[in-house]
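*Asks:*
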Amino acid sequence: MRLSFPYMGPTIVYAKLFELLGHDVVMPPKPNKEIIDLGVKYSPEFACFPFKVITGIYLKLMDKNLDALVTSGGHGPCRAGYYGEVHKKILQDLGYDVEIIVIDSPRDDYKYFYEIVKRLKGDSSWLKVAKVIKTVYELTRAMDQIEKKIEILRAYNDQGTINRIWIKAQEEFHQIQTTAEVKEIKNKYLNKLSEFEGSIPAENERLKIGIIGEIYVVLEKSINNQVEEKVNQFGFEVERSQYLADWIRENAFPFIGKDLEEIEKKGEEFIEIEIGGHAQGNIGHAIDFKQKGFDGIIHLKPFGCLPELVSQSVMDDLSEKYEIPVLSITIDEQTADANVLTRVEAFLDMIREKKYREVM
Amino acid sequence: MNNLYLGVDIGSVSINIVAIDEENELIFKLYTRNSGNPIELVKEGLTKFKEEIELDDYKISGVGVTGSGRQLIAYVLGADTVKNEITAHARASTYYHPEAGTIFEIGGQDSKLIIVEDGIAVDFAMNTVCAAGTGSFLDHQAERLGVPIEEFGELALEADRDVRIAGRCTVFAESDMISKQQYGFTKPEIINGLSEALVRNYMNNLVRNRVLKGEYIFQGGVAANIGIKAAFEEEIGAEVIVPEHHGVMGAIGIAMLAKRDVKRSGQESSFRGFDLTKQEFETTSFECEDCANNCEVIKVIADGKIIAITGDRCGKWTASLIGDSAVPAESSSEKEENMAAKTSAAPNEDFNKKAEELEVDLYKIDPEKEQQVMRELEELEEKEEELEDSDSDEKEDSVYV
Numbered sequence: 001m002r003l004s005f006p007y008m009g010p011t012i013v014y015a016k017l018f019e020l021l022g023h024d025v026v027m028p029p030k031p032n033k034e035i036i037d038l039g040v041k042y043s044p045e046f047a048c049f050p051f052k053v054i055t056g057i058y059l060k061l062m063d064k065n066l067d068a069l070v071t072s073g074g075h076g077p078c079r080a081g082y083y084g085e086v087h088k089k090i091l092q093d094l095g096y097d098v099e100i101i102v103i104d105s106p107r108d109d110y111k112y113f114y115e116i117v118k119r120l121k122g123d124s125s126w127l128k129v130a131k132v133i134k135t136v137y138e139l140t141r142a143m144d145q146i147e148k149k150i151e152i153l154r155a156y157n158d159q160g161t162i163n164r165i166w167i168k169a170q171e172e173f174h175q176i177q178t179t180a181e182v183k184e185i186k187n188k189y190l191n192k193l194s195e196f197e198g199s200i201p202a203e204n205e206r207l208k209i210g211i212i213g214e215i216y217v218v219l220e221k222s223i224n225n226q227v228e229e230k231v232n233q234f235g236f237e238v239e240r241s242q243y244l245a246d247w248i249r250e251n252a253f254p255f256i257g258k259d260l261e262e263i264e265k266k267g268e269e270f271i272e273i274e275i276g277g278h279a280q281g282n283i284g285h286a287i288d289f290k291q292k293g294f295d296g297i298i299h300l301k302p303f304g305c306l307p308e309l310v311s312q313s314v315m316d317d318l319s320e321k322y323e324i325p326v327l328s329i330t331i332d333e334q335t336a337d338a339n340v341l342t343r344v345e346a347f348l349d350m351i352r353e354k355k356y357r358e359v360m
Numbered sequence: 001m002n003n004l005y006l007g008v009d010i011g012s013v014s015i016n017i018v019a020i021d022e023e024n025e026l027i028f029k030l031y032t033r034n035s036g037n038p039i040e041l042v043k044e045g046l047t048k049f050k051e052e053i054e055l056d057d058y059k060i061s062g063v064g065v066t067g068s069g070r071q072l073i074a075y076v077l078g079a080d081t082v083k084n085e086i087t088a089h090a091r092a093s094t095y096y097h098p099e100a101g102t103i104f105e106i107g108g109q110d111s112k113l114i115i116v117e118d119g120i121a122v123d124f125a126m127n128t129v130c131a132a133g134t135g136s137f138l139d140h141q142a143e144r145l146g147v148p149i150e151e152f153g154e155l156a157l158e159a160d161r162d163v164r165i166a167g168r169c170t171v172f173a174e175s176d177m178i179s180k181q182q183y184g185f186t187k188p189e190i191i192n193g194l195s196e197a198l199v200r201n202y203m204n205n206l207v208r209n210r211v212l213k214g215e216y217i218f219q220g221g222v223a224a225n226i227g228i229k230a231a232f233e234e235e236i237g238a239e240v241i242v243p244e245h246h247g248v249m250g251a252i253g254i255a256m257l258a259k260r261d262v263k264r265s266g267q268e269s270s271f272r273g274f275d276l277t278k279q280e281f282e283t284t285s286f287e288c289e290d291c292a293n294n295c296e297v298i299k300v301i302a303d304g305k306i307i308a309i310t311g312d313r314c315g316k317w318t319a320s321l322i323g324d325s326a327v328p329a330e331s332s333s334e335k336e337e338n339m340a341a342k343t344s345a346a347p348n349e350d351f352n353k354k355a356e357e358l359e360v361d362l363y364k365i366d367p368e369k370e371q372q373v374m375r376e377l378e379e380l381e382e383k384e385e386e387l388e389d390s391d392s393d394e395k396e397d398s399v400y401v
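Chains as they are written, first to last, in full-length UniProt numbering: chain A, 1 to 360; chain B, 1 to 401.
#1: Residues of chain A with CB under 8 Å from A92 (chain B), in chain order?
#2: Shorter than 7 Å from the beta carbon of P347 (chain B) to some beta carbon of chain A?
#3: Beta-carbon separation of I20 (chain B) and Y5 (chain B) under 7 Å?
#4: How would you write the range of the beta strand (DSSP E) that M126 (chain B) sits in, first residue to last?
#5: Does DSSP put R168 (chain B) in a helix, a strand or coil?
#6: Which word fits K95 (chain A), buried or exposed, when buried means at least 16 other C-beta atoms lie within 10 angstroms of its C-beta?
#7: Where does R313 (chain B) sit, in a helix, a strand or coil, going by DSSP?
#8: How about A159 (chain B) and G167 (chain B): are their beta carbons less than 7 Å apart?
#9: Relative to the C-alpha of Y58 (chain B), which residue among B:V147, B:F28 and B:S35 is closest?
#10: Cβ closer than 9 Å: which chain A residues qualify as neighbours of I86 (chain B)?
#11: On the three-state DSSP scale, how would you describe Y137 (chain A)?
#12: Mark I273 (chain A) as exposed unless 16 or more other C-beta atoms lie within 10 angstroms of its C-beta, in which case mark it buried.
#13: From Q177 (chain A) to H23 (chain A), what distance separates their C-alpha atoms?
#14: From the DSSP output, in three-state form, read off Q141 (chain B) for me.
#15: May I have a chain-ordered list of the alpha helix (DSSP H) segments no shorter than 4 residues that lie completely inside the stretch 19-94 of chain A?
#16: Near E268 (chain B), which residues of its chain fall below 6 Å by C-beta distance, leaving aside the five closest residues on each side in sequence?
#17: Since E289 (chain B) meets chain A, which of its residues come closer than 8 Å, beta carbon to beta carbon?
#18: I need the straight-line Cα distance from L66 (chain A) to T330 (chain A), nearest angstrom please.
#19: Assuming E203 (chain A) contacts H278 (chain A) (C-beta within less than 8 Å), just tell me the rounded distance between them.
#20: Would you report the Cα separation of Q141 (chain B) and L194 (chain B), rounded to the nearest angstrom?
#21: Look at the alpha carbon of I248 (chain A) and the alpha carbon of T135 (chain A), and state the distance between them as a whole number of angstroms.
#22: Would G220 (chain B) and E105 (chain B) be called neighbours here (beta carbons separated by less than 7 Å)?
#23: Starting from Q219 (chain B), follow the beta strand (DSSP E) in both directions and report where the run begins and ends.
#24: What in chain A is Cβ-close to I120 (chain B), meaning under 7 Å?
#25: Is there at least one Cβ from chain A nearer than 7 Å to F152 (chain B)'s Cβ?
#26: A338 (chain A) CB to nearest chain B CB: under 7 Å?
#27: Among the residues of its own chain, which have a CB less than 8 Å from the CB of I146 (chain A), if the five just before and after it don't count?
#28: Would you kindly work out how many angstroms separate the C-alpha atoms of N32 (chain A) and S311 (chain A), rounded to a whole number?
#29: At a Cβ cut of 7 Å, what residues of the stretch 151-177 of chain A count as close to chain B, listed as they run along the chain?
#30: Could you check what DSSP says for R302 (chain B) in three-state terms: helix, strand or coil?
#31: Can you list the residues of chain A that R126 (chain B) reaches, using a CB-CB cut of under 9 Å?
#32: Look at the alpha carbon of Y14 (chain A) and the alpha carbon of F5 (chain A), and state the distance between them as a whole number of angstroms.
#33: Following the continuous alpha helix (DSSP H) through residue 434 (chain B), name the residue where it begins and the one where it ends.
#34: Strictly under 7 Å for the Cβ-Cβ distance: is S136 (chain B) near chain A by that measure?
#35: Compare the C-beta of Y110 (chain A) with all C-beta atoms of chain B and state if any pair is closer than 7 Å.
#36: Indicate whether L157 (chain B) and I191 (chain B) have their beta-carbon atoms separated by less than 7 Å.
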């Protein structure tokens, strides 16, 4: 099948998954001003921001002669659950006939998941599928591991140098075919980054920010105003609540260990029930960040996102109880870069001054 | 020769330039309206500075720039410190009023709330999607009513009756205002109503459920408006202090921060000198298409010579400007890369292990779950095969629709 998918985070992983299964993969365009404008124009006004961006990406892909678009569903009351259907309708209304295949979490419905996988696997044998998933999983893990290093080292080194290494690593990962190659490239880049290890100061001088929020705006830098790089720029390390592995775990890989579940469970203190999206899990991560000694939380929330609106409303209580500063940033097509920069900078200044005083 | 520190605040509505000495005494102060060409206005401001100050007696030892237009002007001036306006305002405010607990700052297009404890900012809020409750809102209404903005505040105090005006949206406020005029409310009453609407908006959007503590400081351009000051005092039921130099507090704050930074680093100021008032500045931008990031790269040019390049995430263009010093760095990293490629066969296990030990392994596979899922998938497949054997037509139907 000739297919494509929404752009989110390092897209290599999804591309690899389908490519290794023998599909003809069309790389989706990275969200930019034009795509966002297109998406905003053809989406319902009240839809959340990620929906609009994805609409734009789909529309941009329409002249590529695709058989299908593969996307993930949501679970719980989050609106992501009907993205697929609404997108299909929008595309149909505009006269495009393309199938949208929604991968729902295997945890919700094995039978349905099985049908989807069966379709996507095409002529590959089940053994091959198992192998592909294993390779892609290793790839995700390798990329996450490198990105986590990048997010630390970028705080203490020239941003351009570190960014270049990351760009190169992604290019090389794009070429892999086997698990062995993944390991080789991973080690090569971890080695390369280890040369910068010396720049990391003593533990008590390190300042760390945890980024939490809706998965799309947390993972996709082109729409979140590169908030990670902005934080790094001021000498703060960053860690996110979400990495690519989360997407893989939810959508393709149902047998992950319990550690993450335990972190996410901590969120029950503030949001008792699962309200969709990653709201509860995010709160859990915020508490976990505090327990790991982080200095502040930046909470990214797409405009119109219901679960994150709920988590924003409990942030005040969380911030007070756990004594950790929280900055909530709403992201939509109107967000100006200068505005985000001002907020982030003032927030980080505040944390630095506070820490400085505590040491004195 | 005495040291002077320049502070420049490039706001959306005004451009302020101040100079302070070692004792933080204000030596020069200039508040001008930003008519849309910040570089020209800064040049004019510096020319005025040259006329007023005996340059022979002083030395510019540090320059700080703040405000929403800070990046560009920082390159033009060769600033030592470039910081956001929230930090700058808090700094100046806590210097003049060490007991400050709450700072209300209302500027041209944004309003801020800063909570201070023992002289340092501990919390802040800033208006987001909307400019209701800022100076521009008042500006607009003043124009509509034909009242000069300078007289706006005093008029508000002459009001006899209260009138409630919708203050969320500038345009709707206007229609509400017109309808209230028809009811026979006087100009002062309407202006008073607008002032209250602005403060109400500020309270709803920024203060929200925060508990405010004294002293209350009110600064920014709008602090000149005694009507708003009165409305704030009524809302919180306490005295609100307007600092003497309320309009230029951001510039004073950034000058202080520049002084601190220069002293800490012990280096000479990178100020480009007063000759810059005679230079021609120009900015151009282009979209770099070398990778998927498509960065918007900005070049700042002074008299035909590029003085700054910014916006590229990989640092390639920025490095090209530094020229000679960047070349060896580039080639050495290239060499490292080759070496790393050669040594990649012998991975640095130690380093890898450390990274994994540091955190919980989120990637661990739960064997029980794996078995369970595999079992269920196998069962499904078996069923599917049985179906396939018994009737091949039926299989077509069971394919996902």
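Each residue gets a CB set at the ideal place from its N, CA and C atoms; glycine is no exception. These figures come from a predicted structure and were not determined experimentally.
*Replies:* In brief:
#1: Under the 8 Å cutoff, chain A gives no residues; its nearest Cβ is about 14 Å from A92 (chain B).
#2: At P347 (chain B), the pLDDT of 41 sits below 50, so the modelled position is not reliable and the matter cannot be decided from this model.
#3: yes
#4: I120 to M126
#5: coil
#6: This sequence places Gly at residue 95 (chain A); Lys is not what is there. It counts as exposed.
#7: coil
#8: no
#9: B:F28
#10: T342, R343, E345, A346, F347, D349 and M350
#11: helix
#12: exposed
#13: 14 Å
#14: helix
#15: 33-42, 49-61 and 83-93
#16: none
#17: The premise fails here: E289 (chain B) is roughly 12 Å from chain A at the closest Cβ pair, so nothing lies under 8 Å.
#18: 33 Å
#19: With a Cβ gap of about 29 Å, E203 (chain A) and H278 (chain A) do not count as contacting.
#20: 8 Å
#21: 12 Å
#22: yes
#23: Y216 to Q219
#24: E353, K354 and R357
#25: no
#26: yes
#27: W166, A169, K186, Y189, L190 and L193
#28: 28 Å
#29: D158, Q159, G160, T161, N163, R164 and I167
#30: With the sequence shown as reference, residue 302 (chain B) is identified as Ala, and Arg is not the correct amino acid for it. A302 (chain B) falls in the strand class under three-state DSSP.
#31: First, the amino acid is wrong: residue 126 (chain B) is Met here, not Arg. Going along chain A in sequence order, the residues near M126 (chain B) (Cβ under 9 Å) are N339, T342, R343 and A346.
#32: 8 Å
#33: A question about residue 434 (chain B) goes unanswered here, because the residues of chain B that appear run from 1 up to 401.
#34: no
#35: yes
#36: no
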